[in-house]
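Working notes, structure below.
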Amino acid sequence: MDWNHKSGKEMMEINWEQQKVLSNPLRSRLVALLYEQPMTPKQVADLLGKNPGTVYYHIQQLVKHDILEVESINTEKGIVEKYYKAKANLFKNPEQVSPPGHVDGRTTNIYLSKKLVNQLSGELEELFFKYGHLSYKEKDSEEQFPYSIEFLIKEFNEEEN
Numbered sequence: 001m002d003w004n005h006k007s008g009k010e011m012m013e014i015n016w017e018q019q020k021v022l023s024n025p026l027r028s029r030l031v032a033l034l035y036e037q038p039m040t041p042k043q044v045a046d047l048l049g050k051n052p053g054t055v056y057y058h059i060q061q062l063v064k065h066d067i068l069e070v071e072s073i074n075t076e077k078g079i080v081e082k083y084y085k086a087k088a089n090l091f092k093n094p095e096q097v098s099p100p101g102h103v104d105g106r107t108t109n110i111y112l113s114k115k116l117v118n119q120l121s122g123e124l125e126e127l128f129f130k131y132g133h134l135s136y137k138e139k140d141s142e143e144q145f146p147y148s149i150e151f152l153i154k155e156f157n158e159e160e161n
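Structure, rendered in structure tokens:
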């Protein structure tokens, strides 16, 4: 899938129940894929190498919670194919209150290889250095405030969720 295919970001406000549904990494992956391109559950299952029944169940949970919708229905030789699409690719719960002092933050659940985890970690480290350098360059021209910036990459444990 070409990420640049649909580079726009669509934000959707969600409630606590929708947030819980999205916290599953497979469901987050389904949303990402179906935002890029509408597909049938069978197409998604084939793409991911997953059981079609499992994928169908998770798609139905996302539809039930108004995160996915049916884009089109094709009927050929009595077989009905529903193409699902994601309503957004970014989600925000307006009821979620940040702890005191927190300025901004993001969380996502995604599947990554060890290679991609290492690449992501390296790129995040480069961003820290980049903004440290930019901060030094602007120190005499802009008022600055102290911030602590952290990132955490941890394996998802389904028993914890």
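Taking the working numbering, the leading residue of the sequence shown gets 1, the next gets one more, and so forth.
C-beta atoms are modelled at their ideal positions from N, C-alpha and C, and glycine is treated no differently.
Just list the beta strand (DSSP E) runs in the segment 42 to 117, keeping only unbroken ones of 3 residues or longer that don't cross its boundaries, in chain order. 68 to 76, 79 to 86, 90 to 92
Under three-state DSSP, which class holds E13? strand
Nearest CA to the CA of K154: which residue from V80, K114, Y131, V63? K114
When we look at the beta-carbon of Y84 and count the other beta-carbons within 10 Å, is it buried (16 or more) or exposed? buried
Closest residue to Q144 among S135, L152, D66, E150 (Cα-Cα distance): S135
Please report the distance separating the alpha-carbon of E150 from that of E126. 13 Å
C-alpha gap between K20 and Q119, whole angstroms: 28 Å
Only counting the same chain, and skipping five residues up and downstream in sequence, which positions put a Cβ closer than 7 Å to that of N74? E81
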